[in-house]
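Asker: Note that the protein sequences, when read in sequence, are chains B and W. Each residue of the first sequence is one higher than the one before, starting from 4 at the first, in the numbering used here. Each residue of the second sequence is one higher than the one before, starting from 34 at the first, in the numbering used here. Note that the Cβ used here is the ideal one computed from N, Cα and C, for glycine as well.
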Amino acid sequence: MLGALTLIIRKGFNFMMVSLCVLGAVLAMTLVCMMLGYILVHGITFFNLDFITNEAAFPIGTPGGGMRNEIIGTAIIVSLGTLIAVPVGLFAGIFLSEFASPTVASSVRFAADILSGVPSIVVGIFAYAIIVRPMHSFSAISAAVALAIIMLPVVARTTEESMRLVPGSLREAALALGITRWRSVLSVVIPGAMTGIVTGVILGMARIAGETAPLLFTAFGSNFSFESLSEPIAALPLQIYRYAMSPYQDWLQQAWAGAFLLAMMVLVVSLAVRFISRKRGS
Amino acid sequence: MDTCPQTENAQGQNPNGNHILITKNLNAYYGSFLAVRDVNMAIAPNSITAIIGPSGCGKSTLIRCFNRMHEVAHGARVTGQLLLDGEDIYGTGIDPVSVRTRIGMVFQKPNPFPTMSVIDNVVAGLKLSRIWSRRRKMEEIAERCLRQAALWDEVKDKLKQSGTSLSGGQQQRLCIARALAVKPEVILMDEPCSALDPIATLKIEDLMHTLAKDFTIVIVTHNMQQAGRVSDATAFMMMGDDRAGQLVEYGATKQIFTNPKDKRTEDYISGLFG
Ligand SMILES: Nc1ncnc2c1ncn2[C@@H]1O[C@H](COP(=O)(O)OP(=O)(O)OP(=O)(O)O)[C@@H](O)[C@H]1O
Ligand SMILES: [Mg+2]
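Given below as structure tokens:
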């Protein structure tokens with residue numbers, strides 16, 4: 004009797020937990036589809052070639068305006084940020100996975116995790132304090148540094164994790180052949196972890212391409228085409244933010260098109276990453 | 034205990050009892066845990082020495098001491114001496130990296146580099162220890178070593194394929210070829226056949242006999258028949274009461290298998306434990 008009762012309770016509990024899991028998964032899926040769908044439906048109508056090739060049109064309402072400067076600006080600060088973050092993150096990841104003693108590794112890892120948890124606006128303030136203030140100007144370079152700081156822990160941790168996935172037996176094999184530690188890392192471990200590392204870099208780039216808050220007081224935004232790294236620079240997310248806040252119908256439409264472009268980019272990157280890791284799996 | 038078994042090597046002689054590898058009071062630790070205690074043995078050049086014993090008695094630990102791979106583990110250390118051609122490889126100023134080019138190793142699980150082609154696998158030890166290497170020269174060496182490892186005919190059409198695209202037995206012979214390429218004097222093998230089927234195992238055993246003409250081989254094996262088939266000398270290890278592995282008996286394989294001096298060896302050989 005008691006046994007039957009506990010069985011019912013256990014089965015009921017099991018059913019409830021499974022249902023909750025399914026519900027969570029469905030909710031997550033629905034949200035992603037809704038958000039992407041909403042942006043796509045709204046954005047695609049305003050998205051056209053002019054949007055990519057033209058500068059903002061003046062006065063407001065002139066047809067054919069675009070976000071060329073912003074797209075180029077974002078490309079510049081994201082590339083520059085990547086250029087800074089990748090070497091540092093790569094070396095940090097290699098150090099974590101190959102050379103750090105367990106205690107040192109865990110504290111460095113902890114620091115990296117904290118860094119990736121710091122709100123991006125705080126990172127922006129930091130870049131403002133150490134670069135914008137001394138240089139007395141908003142600048143592309145300060146934006147790149149802020150983005151690099153955000154990207155750094157992503158690259159470091161994915162590098163570390165993909166290098167850890169390389170079996171220890173390969174490191175042993177290299178050492179037993181009289182190959183030095185560093186050379187075996189370079190020629191055996193890193194090639195084995197390459198797809199993971201590349202995936203991490205791409206994901207990091209996608210992440211910083213959409214960052215807005217840290218650009219507010221570093222890149223600042225600009226109505227002009229790019230001239231110098233030490234001057235304010237236009238950026239896609241910033242402009243989306245400004246346009247979306249404006250009362251003008253035209254600018255709102257431009258904001259939608261910009262959001263569409265960013266969302267497409269993230270989507271394409273995610274698919275590319277899936278494709279890369281799928282290929283490694285096979 | 035007899036530390037200098039009278040072995041007959043491939044040439045059928047062992048004049049004036051010279052030895053290529055001599056251990057003196059070798060102890061191996063993992064942190065504070067003594068895993069192998071006080072090993073004294075002397076290995077004749079061009080001989081095949083088998084190390085047998087129950088699981089966990091320290092066989093792998095011991096042969097990893099022979100090429101200074103033991104100290105790679107965190108907190109692991111070695112005390113005592115290990116003379117290679119009369120020179121203590123644990124002496125001050127000896128670089129473990131150079132020791133490992135003189136004493137090669139083949140592991141239990143075949144571990145070719147998956148990101149390298151068959152040919153690059155063979156010459157990895159050469160290529161990755163110098164800045165620059167001529168391709169033609171590397172190809173020549175690779176062919177020679179693959180022939181030596183009795184693998185050439187099977188892979189000569191697949192030289193550009195990944196090392197992991199071969200069968201398990203082929204991979205293990207690839208690993209042997211890779212070890213040969215750096216021209217070591219001694220080759221250590223830790224249960225090289227335990228992941229292979231009987232036919233692949235026989236191939237590797239045949240190979241060992243040929244290789245013994247040019248190299249000295251030390252092999253750890255769980256397979257008593259294999260030890261009997263391939264080796265000139267056999268070392269029997271066992272865990273002592275303090276859980277430290279020790280050398281119980283070391284002698285010519287024939288003697289160990291037919292007329293063991295130690296009761297524990299006899300029990301192990303006849304399958305009473307282990
Ligand atoms: N990395 C390690 N850290 C700590 N202890 C270890 C380590 N590797 C091995 N040991 C211990 O050292 C002892 C000897 O291990 P070893 O691997 O040398 O045995 P073995 O004779 O090769 O066994 P098997 O026949 O199962 O391969 C065991 O008690 C084992 O628990
Ligand atoms: Mg072992």
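Taking only the alpha-carbon atoms, compute the straight-line gap between residue 277(W) and residue 66(W) and give it to the nearest angstrom.
Answerer: Walking along the second sequence from the start, residue 277(W) turns up at place 244. Walking along the second sequence from the start, residue 66(W) turns up at place 33. Cα-Cα distance, rounded: 8 Å.
Asker: For residue 324(B), which of 245(B), 259(B), 236(B), 166(B) has the nearest alpha-carbon?
Answerer: Outside the displayed span of chain B (4 to 285) sits residue 324(B), for which this structure offers no information.
Asker: Taking 9 Å as the threshold (C-beta atoms), are residue 133(W) and residue 179(B) in contact?
Answerer: Within the first sequence, numbered from 1, the residue matching residue 179(B) stands at position 176. Within the second sequence, numbered from 1, the residue matching residue 133(W) stands at position 100. Yes.
Asker: With a CB to CB cut of under 7 Å and the five nearest residues on each side skipped, what residues in its chain are close to residue 227(W)?
Answerer: In the second sequence, counting from the first residue as 1, residue 227(W) sits at position 194. These residues qualify, in order along the chain: 141, 255.
Asker: Mind listing the chain B neighbours of residue 158(W)? Cutoff is C-beta to C-beta under 7 Å, in chain order.
Answerer: One-based indexing of the second sequence puts residue 158(W) at position 125. 180, 181, 182, listed in chain order.
Asker: Three-state secondary structure (DSSP) at residue 152(B)?
Answerer: What you label residue 152(B) is simply residue 149 of the first sequence in a count that begins at 1. Here residue 152(B) sits in helix by DSSP.
Asker: Is there a Cβ from chain B that is less than 9 Å from the Cβ of residue 53(W)?
Answerer: Here residue 53(W) corresponds to residue number 20 of the second sequence, with the count starting at 1. Taking a beta-carbon distance threshold of 9 Å, residue 53(W) does not count as an interface residue toward chain B.
Asker: Taking the beta carbon of residue 40(B) as the centre, do at least 16 other beta carbons fall within 10 Å, making it buried, or is it exposed?
Answerer: Taking the first sequence and counting its residues from 1, the one referred to as residue 40(B) is at position 37. It is exposed - the Cβ of residue 40(B) has fewer than 16 other Cβ atoms within 10 Å.
Asker: For chain W, check one thing: does any of its Cβ atoms lie closer than 9 Å to the Cβ of residue 154(B)?
Answerer: Walking along the first sequence from the start, residue 154(B) turns up at place 151. Not one chain W Cβ lies under 9 Å of residue 154(B).
Asker: Among all the DSSP beta bridges, which residues are the ones paired with residue 114(W)?
Answerer: Within the second sequence, residue 114(W) is the residue found at index 81, counting from 1. When DSSP reads this structure, residue 114(W) sits in a beta bridge with 57(W).
Asker: Interface residues of chain B around residue 134(W) at Cβ under 8 Å?
Answerer: Taking the first residue of the second sequence as 1, we reach residue 134(W) at position 101. Close to residue 134(W), with beta-carbon spacing below 8 Å, are these residues of chain B in chain order: 180, 181.
Asker: Residues of chain B with a CB under 9 Å from the CB of residue 211(W): which are they?
Answerer: Within the second sequence, numbered from 1, the residue matching residue 211(W) stands at position 178. Those within 9 Å of residue 211(W) in chain B are 176, 180.
Asker: How would you write the range of the alpha helix (DSSP H) that residue 73(W) sits in, first residue to last?
Answerer: As a working note, residue 73(W) is residue 40 in the second sequence. Segment 66–76 is the beta strand (DSSP E) holding residue 73(W); no alpha helix (DSSP H) there.
Asker: On the DSSP letters alone, give me the boundaries of the beta strand (DSSP E) that residue 309(W) sits inside.
Answerer: There is no way to answer for residue 309(W), as the model of chain W reaches only from 34 to 307.
Asker: At the level of alpha carbons, what is the spacing between residue 23(B) and residue 111(B)?
Answerer: Taking the first sequence and counting its residues from 1, one reaches residue 23(B) at position 20. Taking the first sequence and counting its residues from 1, one reaches residue 111(B) at position 108. CA-to-CA, the gap between residue 23(B) and residue 111(B) works out to about 37 Å.
Asker: Could you check what DSSP says for residue 100(B) in three-state terms: helix, strand or coil?
Answerer: Along the first sequence, one-based indexing puts residue 100(B) at 97. Three-state DSSP puts residue 100(B) in a helix.
Asker: Around the Cβ of residue 259(B), are there at least 16 other Cβ atoms within 10 angstroms (buried) or fewer (exposed)?
Answerer: In the first sequence, the residue the question calls residue 259(B) occupies position 256. Label assigned to residue 259(B): buried.
Asker: Classify residue 230(W) as helix, strand or coil using the three-state DSSP reduction.
Answerer: The count along the second sequence starts at 1 and reaches residue 230(W) at position 197. Taken through DSSP and simplified to helix, strand or coil, residue 230(W) comes out as coil.
Asker: Buried or exposed: which applies to residue 34(B), given that a residue is buried once 16 or more other Cβ atoms fall within 10 Å of its Cβ?
Answerer: Position 31 of the first sequence, counted from the start, is the residue given in the question as residue 34(B). Exposed, by the Cβ-count rule.
Asker: Do you know offhand how far residue 2(B)'s Cα is from residue 129(B)'s?
Answerer: Past the edges of chain B, shown from 4 to 285, lies residue 2(B), and the structure says nothing about it.
Asker: Is it the case that the Cβ atoms of residue 139(W) and residue 220(W) are separated by a distance below 9 Å?
Answerer: As a first step, residue 139(W) is located in the second sequence; it is residue number 106 there, counting from the start. As a first step, residue 220(W) is located in the second sequence; it is residue number 187 there, counting from the start. In this structure, residue 220(W) lies closer than 9 Å to residue 139(W) by Cβ.
Asker: Give the list of continuous alpha helix (DSSP H) stretches no shorter than 4 residues that lie fully inside the segment 222–285 of chain B.
Answerer: Those alpha helix (DSSP H) runs which fall completely within the segment 222–285 of chain B and span 4+ residues are 239–248, 252–284.
Asker: Have a look at residue 271(W) and residue 90(W) and give me their C-alpha separation to the nearest angstrom.
Answerer: Residue numbering aside, residue 271(W) sits at position 238 when the second sequence is read from its first letter. Residue numbering aside, residue 90(W) sits at position 57 when the second sequence is read from its first letter. Between the alpha carbons of residue 271(W) and residue 90(W) lies a distance of about 5 Å.
Asker: Answer yes or no: do residue 157(B) and residue 210(B) have a C-beta to C-beta separation smaller than 9 Å?
Answerer: Within the first sequence, residue 157(B) is the residue found at index 154, counting from 1. Within the first sequence, residue 210(B) is the residue found at index 207, counting from 1. Cβ distance < 9 Å, so residue 157(B) and residue 210(B) count as in contact.
Asker: Is it the case that the Cβ atoms of residue 246(B) and residue 261(B) are separated by a distance below 9 Å?
Answerer: As a first step, residue 246(B) is located in the first sequence; it is residue number 243 there, counting from the start. As a first step, residue 261(B) is located in the first sequence; it is residue number 258 there, counting from the start. Yes, they are a contact pair.
Asker: Quick one: what's got a C-beta closer than 8 Å to residue 185(W)'s C-beta in the same chain, skipping five residues either side?
Answerer: Residue 185(W) sits at position 152 when you count from the first residue of the second sequence. Excluding sequence neighbours, residue 185(W) sits near 176, 179.
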